[in-house]
Amino acid sequence: MVEKMQKLSCFIYHQEIERLLVDLQNLGLVHIETITTDDEELQNLERNKKLLDDALKILKSYLKPDKKLAQETITEDALSLAQRILKRNEEIQHLQAEIQSMERTLKEISVWGEFGPEDKAQLESLGLSIRFYVALESAFKKFSAEYPVEKINQIGKTVYFVAITPAGEEIDALKPYELAYRPLSMEMLEKEIAVREGTLSEYYVELEQLLSAIPLLEKEKLSIEDKLSYRLAEVSAIEEAEGTVRLLQGWFPKRKRTKIEALLQSYTVVYLIEDPQPGESVPVLLRNNAFSRLFEPILSLHSVPSYYEIDPTPLVAPFFAFFFGLCMADLGYGSIMLVITLLLVLLTRGNARRLAWLGVVFSLTTMISGWILNSFFGIQLTGVLPSELCSTVFFANINDAMAFSLMLGVLQLSIGLIVKVINKIRMEGFVYALHPLGTLSLLLGVLISMIAGLLPEGYAVGPFTIRSWVDALPQPLLTGNILALTGVVLILLFNNPQNKLWMRPLLGLWELYGTVTGLPGDILSYIRLFALGLSGGMLGSAFNQIALMARGDNPGILNWVGMILILVVGHGLNLALALLGAFVHPLRLTFLEFFKTMDYQGGGRRYEPFRHREYMEKE
Numbered sequence: 008m009v010e011k012m013q014k015l016s017c018f019i020y021h022q023e024i025e026r027l028l029v030d031l032q033n034l035g036l037v038h039i040e041t042i043t044t045d046d047e048e049l050q051n052l053e054r055n056k057k058l059l060d061d062a063l064k065i066l067k068s069y070l071k072p073d074k075k076l077a078q079e080t081i082t083e084d085a086l087s088l089a090q091r092i093l094k095r096n097e098e099i100q101h102l103q104a105e106i107q108s109m110e111r112t113l114k115e116i117s118v119w120g121e122f123g124p125e126d127k128a129q130l131e132s133l134g135l136s137i138r139f140y141v142a143l144e145s146a147f148k149k150f151s152a153e154y155p156v157e158k159i160n161q162i163g164k165t166v167y168f169v170a171i172t173p174a175g176e177e178i179d180a181l182k183p184y185e186l187a188y189r190p191l192s193m194e195m196l197e198k199e200i201a202v203r204e205g206t207l208s209e210y211y212v213e214l215e216q217l218l219s220a221i222p223l224l225e226k227e228k229l230s231i232e233d234k235l236s237y238r239l240a241e242v243s244a245i246e247e248a249e250g251t252v253r254l255l256q257g258w259f260p261k262r263k264r265t266k267i268e269a270l271l272q273s274y275t276v277v278y279l280i281e282d283p284q285p286g287e288s289v290p291v292l293l294r295n296n297a298f299s300r301l302f303e304p305i306l307s308l309h310s311v312p313s314y315y316e317i318d319p320t321p322l323v324a325p326f327f328a329f330f331f332g333l334c335m336a337d338l339g340y341g342s343i344m345l346v347i348t349l350l351l352v353l354l355t356r357g358n359a360r361r362l363a364w365l366g367v368v369f370s371l372t373t374m375i376s377g378w379i380l381n382s383f384f385g386i387q388l389t390g391v392l393p394s395e396l397c398s399t400v401f402f403a404n405i406n407d408a409m410a411f412s413l414m415l416g417v418l419q420l421s422i423g424l425i426v427k428v429i430n431k432i433r434m435e436g437f438v439y440a441l442h443p444l445g446t447l448s449l450l451l452g453v454l455i456s457m458i459a460g461l462l463p464e465g466y467a468v469g470p471f472t473i474r475s476w477v478d479a480l481p482q483p484l485l486t487g488n489i490l491a492l493t494g495v496v497l498i499l500l501f502n503n504p505q506n507k508l509w510m511r512p513l514l515g516l517w518e519l520y521g522t523v524t525g526l527p528g529d530i531l532s533y534i535r536l537f538a539l540g541l542s543g544g545m546l547g548s549a550f551n552q553i554a555l556m557a558r559g560d561n562p563g564i565l566n567w568v569g570m571i572l573i574l575v576v577g578h579g580l581n582l583a584l585a586l587l588g589a590f591v592h593p594l595r596l597t598f599l600e601f602f603k604t605m606d607y608q609g610g611g612r613r614y615e616p617f618r619h620r621e622y623m624e625k626e
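The sequence shown begins at 8 in my numbering and counts up one residue at a time.
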């Protein structure tokens with residue numbers, strides 16, 4: 008859910024502003040409204056922060072996973088140390104570029120062997136000149152029969168050759184094939200490369216020795232971030248009454264009001280605390296339960312919700328988790344994932360651990376989906392389970408599995424329409440909610456009529472007896488028709504409430520066309536949940552069959568080894584592909600179909616309280 012916020016407007020005597028800012032930063036609750044400024048101190052702090060960020064990035068690239076940082080006392084100032092790291096890194100990059108260039112040159116001249124400037128000068132002292140050529144083998148054969156040429160090297164069908172002639176003479180026919188002479192010795196180049204590589208190694212060692220400075224640099228970076236946020240808050244306090252009074256504005260969670268008021272009691276201050284006005288830009292703080300909070304990083308891939316709309320995270324969480332499981336749909340794969348993610352939970356901390364817990368949730372939904380959809384490493388569970396347990400494999404029938412995917416689509420889109428109705432009432436008024444209410448009525452009415460009129464008595468999708476649910480309604484066919492007709496009327500009359508009533512039916516025809524053609528397409532998109540799970544199961548089954556064929560009827564050691572390799576590699580590949588699809592497709596269904604249906608606006612700005620970075624609260 009979106010945390011309720013209140014706005015603080017605070018007038019304070021200019022001599023007390025610094026003390027107030029220190030206390031507010033220690034409290035860490037107020038999101039200060041800042042301004043854009045070219046303040047020189049801010050710019051210096053930004054430059055220093057970037058300097059430390061760059062230095063830390065360079066040092067961390069030298070970290071090895073299995074190596075602990077040495078505990079050494081660093082006496083050098085953090086900023087000068089960061090400058091030294093950046094300078095050394097620039098020198099490393101320059102040396103690397105030089106070495107690469109020299110190695111390319113060495114490769115080019117190596118085709119001629121060891122022929123340096125001294126050798127060329129010796130020939131010239133004898134009144135001779137040497138020229139270098141390259142041509143295809145067929146052309147060289149003709150040249151060698153007519154001119155004084157000598158083959159030096161041949162790579163494939165390319166021949167490298169020279170012509171030694173009296174000084175001043177030139178063979179015109181060979182001009183198109185001539186290469187420019189490079190007065191370089193292979194031996195000299197190799198020595199130059201070796202010198203630079205030695206210097207490069209020294210620089211690498213130097214940076215590796217500075218890894219122990221990472222904690223110092225990180226501490227200084229946090230300190231600068233504190234100074235940066237403090238200075239930004241300070242310059243954002245607007246001067247009033249010729250500079251004797253400063254106006255500071257910000258936002259805080261409504262439930263923390265008593266703490267804010269208690270702090271302000273000790274100051275000579277006039278303050279106003281008020282609820283946000285409609286249309287005001289309010290920072291957004293999400294407050295969800297532990298389960299829904301795991302899915303906030305997924306929502307952040309899209310955007311933070313607007314302050315005025317319903318937070319979709321608690322609605323996205325169960326659907327996304329189950330959709331992921333349906334796309335994987337294998338009890339065996341889920342078991343492997345569960346072991347790995349539980350190990351990660353034990354071995355990681357912070358945000359990485361939160362992601363590991365999300366992986367545990369996905370593992371469990373994969374196992375559940377694999378059970379109800381009848382798959383264990385591509386093997387059908389109904390073929391190996393005791394008969395008493397087979398009844399719990401609800402969707403062993405492929406048609407039931409497909410229908411179940413469509414049911415989930417109808418359910419999620421219906422919830423999306425309900426959320427849209429609530430958001431419209433909250434943000435624009437009841438009249439604006441009648442259009443999405445009409446869409447929901449049309450959807451449910453058509454479904455009820457189709458189930459009542461087309462499906463046989465007792466029709467069920469797995470354990471869901473949907474026909475009996477509809478039959479429980481009074482005159483289900485008539486009820487469905489009334490709901491559908493009501494939906495059409497609401498769409499035609501309330502599609503654009505800001506327009507005059509006589510114009511709305513004309514515009515509503517287009518809206519109705521979009522609904523009638525778009526909504527079924529959105530529902531059918533959910534069939535990908537079934538299709539992805541089915542394809543993964545079939546691919547797993549195919550690898551099993553190939554492995555059994557490799558084993559043969561009279562298997563030897565090599566047969567068993569081949570079988571195991573095929574199973575490990577095949578299922579490993581299938582698992583990797585399934586994981587990719589199981590994340591991407593639920594993400595698509597959520598961001599496109601569900602968010603479009605609920606008219607999710609997003610675009611909110613995050614609540615970022617003015618506080619010390621070292622002591623950030625865990626949210």
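Virtual Cβ for every residue (Gly too), placed ideally from N, Cα, C.
| Asked | Found |
| --- | --- |
| Where the beta strand (DSSP E) containing S136 begins and where it ends | 135-143 |
| Limits of the unbroken alpha helix (DSSP H) element including R474 | 473-478 |
| Among I571, S542, A363, F139, the one whose alpha carbon lies nearest that of P190 | F139 |
| Under 8 Å between C-beta atoms of Y210 and I42 | no |
| Inter-residue spacing [alpha-carbon to alpha-carbon] between N404 and L587 | 26 Å |
| Same chain, Cβ closer than 7 Å to Y274, neighbours up to 5 away in sequence not counted | I19, E23, L27 |
| Cβ-Cβ distance between L218 and L396 below 8 Å | no |
| Between the CA atoms of L102 and A187 - distance to the nearest angstrom | 26 Å |
| Entirely enclosed alpha helix (DSSP H) segments - the segment 267-314, minimum 4 residues | 297-300, 303-307 |
| Bounding residues of the beta strand (DSSP E) (the contiguous stretch that carries K263) | Careful: K263 lies outside any beta strand (DSSP E) and carries neither H nor E. |
| Span of the alpha helix (DSSP H) around Y614 | Careful: Y614 lies outside any alpha helix (DSSP H) and carries neither H nor E. |
| Residue of L63, H442, N566 minimising C-alpha distance to L229 | L63 |
| Boundaries of the alpha helix (DSSP H) in which P173 is found, first to last residue | Unbroken run through P173 is the beta strand (DSSP E), 165-173; no alpha helix (DSSP H). |
| Cα-Cα separation, A128 to A152 | 28 Å |
| Counted within 10 angstroms of its Cβ, other Cβ atoms place N381 as buried (16 or more) or exposed | buried |
| Check whether V438 and P504 have beta carbons under 8 Å apart | yes |
| Separation of G257 from K625, as counted between CA atoms | Unreliable positioning characterises K625 in this predicted model, as indicated by a pLDDT of 39, which lies under 50. The coordinate reading is nonetheless provided below. Going by the C-alpha atoms only, they are around 21 Å apart. |
| Cβ pair V291, P304 closer than 8 Å | no |
| Whole-angstrom distance between L454 and V242, CA atom to CA atom | 60 Å |
| Integer Cβ distance of K261 from M434, believed to fall under 8 Å | 19 Å between Cβ atoms; not a contact. |
| Sequence-distant residues of the same chain with beta carbon closer than 7 Å to H442, five excluded per side | L497, I498, F501, N502 |
| Span separating the alpha-carbon of V156 from that of V166 | 11 Å |
| 8 Å Cβ cutoff met for G366 and L353 | no |
| Status (buried if at least 16 other CB within 10 Å, exposed otherwise) for G521 | exposed |
| Closest Cα partner of L447 within the set G487, L308, P470, S307 | G487 |
| For Q161: DSSP bridge partner residues | V166 |
| Burial state of N430 (16 or more Cβ within 10 Å) | buried |
| Contact check, D337 vs G547, beta carbons under 8 Å | yes |
| Option nearest S370 by Cα separation, candidates F327, Y340, R91, P463 | Y340 |
| Identity of the residue in A554, Q608, A85 nearest V575 by Cα | A554 |
| Meets three-Cβ-pair contact criterion under 8 Å: the segment 457-464 and the segment 400-414 | no |
| Local conformation of R356 per DSSP, three classes | coil |
| Cβ-based burial, P593 [other Cβ within 10 Å; buried from 16] | buried |
| Three-way DSSP call (helix, strand, coil) for E125 in this model | helix |
| Delimiting residues of the alpha helix (DSSP H) encompassing I317 | Per DSSP, I317 belongs to no alpha helix (DSSP H) and is neither H nor E. |
| Proximity below 8 Å, CB of M605 to CB of V323 | no |
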